[in-house]
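So the structure is just underneath, and the comments pick up after that.
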Amino acid sequence: MTTHVDDDGLTFSHFEAFRLINFTFIKACQTITAPDLSPRHRAEKLMRYHGDLLAAYGPGVPLSFGDFRQKLLGPIEGLLPPWLDRSGFDDLDFPVVDEEGCVTAIAFDLQWETAQLHRILNRLRRIGRMRFTEEQLQDEVDQDQMYEILKGRGDAQYVKDRTTLVECPAGTAEELNKRNLPLNAIGYYEAIPYHSIYHTWWFPCTVCKWPMKVSRRVTAGREYYRVACLYGRHADTGASFTFWPTTGDAPQLHPDSSDTPALHEAALALGTTGAVPEARPTEGYLALKRGVWRYTCVPGLYELRLHTVLRERLAAGQMDVEEAIMLWPMSDVYDHRIEVKGPDGSAYVFTVDVKDYSNVRVLAESLHRNEGDKGGADWLVVPDHRADQIPLLTVTCEKYGMKAVTMTEFAQLVCRSAGVVWE
Ligand SMILES: [Zn+2]
0 MTTHVDDDGL TFSHFEAFRL INFTFIKACQ TITAPDLSPR HRAEKLMRYH GDLLAAYGPG
60 VPLSFGDFRQ KLLGPIEGLL PPWLDRSGFD DLDFPVVDEE GCVTAIAFDL QWETAQLHRI
120 LNRLRRIGRM RFTEEQLQDE VDQDQMYEIL KGRGDAQYVK DRTTLVECPA GTAEELNKRN
180 LPLNAIGYYE AIPYHSIYHT WWFPCTVCKW PMKVSRRVTA GREYYRVACL YGRHADTGAS
240 FTFWPTTGDA PQLHPDSSDT PALHEAALAL GTTGAVPEAR PTEGYLALKR GVWRYTCVPG
300 LYELRLHTVL RERLAAGQMD VEEAIMLWPM SDVYDHRIEV KGPDGSAYVF TVDVKDYSNV
360 RVLAESLHRN EGDKGGADWL VVPDHRADQI PLLTVTCEKY GMKAVTMTEF AQLVCRSAGV
420 VWE
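In numbering that gives the first Met the number 0, the protein residues as written are 0 to 422.
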């Protein structure tokens with residue numbers, strides 16, 4: 000495969016090539032570490048991914064099977080062919096899998112984020128020059144199908160169902176059944192992922208309640224374990240613990256990060272259970288697939304928090320918030336629609352999309368290709384801990400009549416417009 004310019008003048012994007020290569024590496028890395036594969040199946044799958052990769056590299060970029068296996072353990076930068084333009088990405092010097100064979104959060108995010116971009120590019124050009132395997136499409140289809148399943152029951156029920164999904168990323172089959180989710184949505188829950196299991200136990204994140212990842216560590220010759228949420232911000236704000244090995248009993252966790260938020264972010268900081276999580280048996284428990292957790296639950300918690308805080312504050316300011324503050328309106332064209340009246344009677348309408356991307360350049364490129372927000376939102380809001388993305392997003396958003404701000408800045412602005420004091 001080579002870079003080319005097609006009929007409408009758009010460069011055949013390095014993002015597309017990157018996405019295919021990153022995907023192949025993720026699948027190959029998972030194949031190396033998947034516990035349930037026979038050696039023969041493992042070898043067969045790896046050979047197939049090796050072939051996919053050579054096809055993506057194109058002629059003149061040799062890669063032996065041995066080198067391929069070796070490179071799977073290194074940073075993603077080492078896996079890219081020389082011709083691929085890296086300028087559209089932030090740092091690529093990170094591994095695709097960690098020591099436990101679990102796909103790293105940053106590689107996982109980059110895969111999904113470039114996939115979103117790829118769809119936009121594909122829609123723009125409707126070309127099919129890249130080869131796509133069925134499983135490759137499946138990861139993306141999952142997410143879409145889930146929204147379709149939720150949408151099938153009407154706007155009001157959509158908000159309820161999506162809230163349930165966000166608030167309930169793991170549970171027993173009995174607990175999940177009680178939540179009244181559409182039957183098909185239950186299919187997005189599966190056994191507790193193996194990277195989250197210690198003996199026969201798992202531990203819910205104190206912020207999002209999804210199973211935290213378990214890693215074995217050694218310090219001064221002594222073995223211990225760390226258990227932390229795969230979403231780094233949760234791990235940094237309380238969802239990180241250590242424990243000593245046991246012979247099979249449930250271990251006792253000890254916190255190793257603080258959950259006290261910075262003062263200026265405190266109002267919109269996500270709630271935590273505040274307690275050390277108890278070990279739960281893997282038997283009988285189910286958890287949402289990683290992609291659904293990452294792209295529905297994780298941003299969903301921010302969306303719900305922003306919604307709740309705005310309703311509380313504006314209601315306290317004597318505003319009728321029932322129709323004026325809407326979450327996921329019209330089955331989710333954007334995330335929030337907020338209508339307020341200023342003290343002088345002037346009306347303001349804010350339409351908002353919350354974007355929780357790890358790779359800001361890919362997000363900017365997606366906005367650029369969509370010529371703004373796909374659903375027509377005027378405001379792009381990022382979680383407070385992504386404040387460093389604002390300068391780049393502001394430049395992109397300005398071209399399309401949008402504005403980019405952090406959640407706290409946005410909430411303050413809405414309250415100010417409504418004449419409500421923000422302490
Ligand atoms: Zn979490």
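Note that CB positions come from ideal geometry on N, CA and C, so glycine has one too.
Report task. Leaving aside the five residues before and after TYR56 along the sequence, list all residues of the same chain whose C-beta is less than 7 angstroms from its C-beta, in chain order. Result -> As a working note, residue 56 is residue 57 in the sequence shown. So the list reads LEU62 and PRO80, once near-sequence residues are dropped.
Report task. Could you tell me whether the Cβ atoms of GLU112 and ASN358 are closer together than 9 angstroms? Result -> Position 113 of the sequence shown, counting from 1, holds the residue named residue 112. Position 359 of the sequence shown, counting from 1, holds the residue named residue 358. Against a cut-off of 9 angstroms, the Cβ pair of ASN358 and GLU112 comes out as a contact.
Query - When PHE107, PRO192, LYS159 and ALA169 are compared against ASN179, the one with the closest alpha-carbon - result: For the purposes of this step, residue 179 is taken as residue 180 along the sequence shown, with counting starting at 1. Closest option to ASN179, Cα to Cα, is LYS159.
Query raised in the report: Between VAL217 and TYR197, is the Cβ-Cβ spacing less than 9 angstroms?
Result: For this step, residue 217 is matched to residue 218 along the sequence shown. For this step, residue 197 is matched to residue 198 along the sequence shown. No.
Requested in this report: Identify every residue that forms a DSSP beta bridge with TRP378.
Outcome: Along the sequence shown, one-based indexing puts residue 378 at 379. According to DSSP, TRP378 bridges with VAL351 and LYS402.
Query - Beta carbon shell of ligand 1 at less than 6 angstroms from a heavy atom - result: CYS204, VAL206, CYS207, TRP209, CYS228, TYR230, HIS233 and ALA238
Query - Residues bridged to THR32 (per DSSP) - result: Translated into the one-based positions of the sequence shown, residue 32 becomes position 33. DSSP, once it has assigned bridges, lists no residue as partnering THR32.
Query raised in the report: What runs of the beta strand (DSSP E), each 3 residues or longer, lie entirely inside the segment 215-284?
Result: Listed in chain order, they are 221-227 and 239-242.
Query - For ALA190, three-class secondary structure by DSSP - result: Within the sequence shown, residue 190 is the residue found at index 191, counting from 1. Correct three-state label for ALA190: strand.
Report task. Determine the direct distance from the alpha carbon of HIS335 to that of ARG310, and round the result to whole angstroms. Result -> Counted from its first residue, the sequence shown places residue 310 at position 311. Counted from its first residue, the sequence shown places residue 335 at position 336. Going by the C-alpha atoms only, they are around 12 angstroms apart.
Query raised in the report: Measuring CA to CA, which of VAL361, VAL381 and ARG360 is closest to VAL351?
Result: As a first step, residue 351 is located in the sequence shown; it is residue number 352 there, counting from the start. Of the listed residues, the one whose Cα sits closest to VAL351 is VAL381.
Query - Inter-residue spacing [alpha-carbon to alpha-carbon] between ARG85 and PRO244 - result: Numbered from its first residue, the sequence shown carries residue 85 at position 86. Numbered from its first residue, the sequence shown carries residue 244 at position 245. If I take the Cα positions, the gap works out to 42 angstroms.
Query raised in the report: Looking at C-beta atoms only, is the number of pairs between the segment 359-374 and the segment 337-347 that lie closer than 8 angstroms three or more?
Result: no
**Report entry** Distance, THR405 Cα to THR395 Cα
**Finding:** Mapped onto the sequence shown, residue 395 falls at position 396. Mapped onto the sequence shown, residue 405 falls at position 406. Cα to Cα, THR395 sits roughly 15 angstroms from THR405.
Query - The alpha helix (DSSP H) enclosing THR162, as first and last residue numbers - result: Here residue 162 is taken as the residue at index 163 of the sequence shown, counted from 1. Where THR162 is concerned, the enclosing alpha helix (DSSP H) stretches over 154-166.
Query raised in the report: Distance, Cα to Cα, CYS204 vs ASP51?
Result: The residue labelled residue 204 in the question sits at position 205 within the sequence shown. The residue labelled residue 51 in the question sits at position 52 within the sequence shown. So the alpha carbons of these two residues sit roughly 36 angstroms apart.
Query raised in the report: Do LYS354 and PRO298 have their C-beta atoms within less than 9 angstroms of each other?
Result: As a working note, residue 354 is residue 355 in the sequence shown. As a working note, residue 298 is residue 299 in the sequence shown. Their beta carbons are under 9 angstroms apart, which means LYS354 touches PRO298 by this criterion.
**Report entry** Residue span of the alpha helix (DSSP H) that contains THR307, given as start and end
**Finding:** For the purposes of this step, residue 307 is taken as the residue at position 308 of the sequence shown. Per DSSP, THR307 belongs to the alpha helix (DSSP H) from 297-315.
Requested in this report: With a cut-off of 8 angstroms on the beta carbons, I'd call ALA363 and LEU326 a contact; round off their distance for me.
Outcome: Along the sequence shown, one-based indexing puts residue 363 at 364. Along the sequence shown, one-based indexing puts residue 326 at 327. The Cβ separation is near 26 angstroms, so there is no contact.
Query raised in the report: Which one or two residues does DSSP pair with ALA346 in a beta bridge?
Result: In the sequence shown, counting from the first residue as 1, residue 346 sits at position 347. Paired residue(s): LYS340.
Report task. Would you kindly check if the distance between the Cβ of LEU267 and the Cβ of LEU313 is under 9 angstroms? Result -> Mapped onto the sequence shown, residue 313 falls at position 314. Mapped onto the sequence shown, residue 267 falls at position 268. No, the Cβ-Cβ distance between LEU313 and LEU267 is not below 9 angstroms.
Report task. Write down every uninterrupted run of the alpha helix (DSSP H) in the segment 39-67 whose length is 4 residues or greater and which is fully enclosed by it, in chain order. Result -> none
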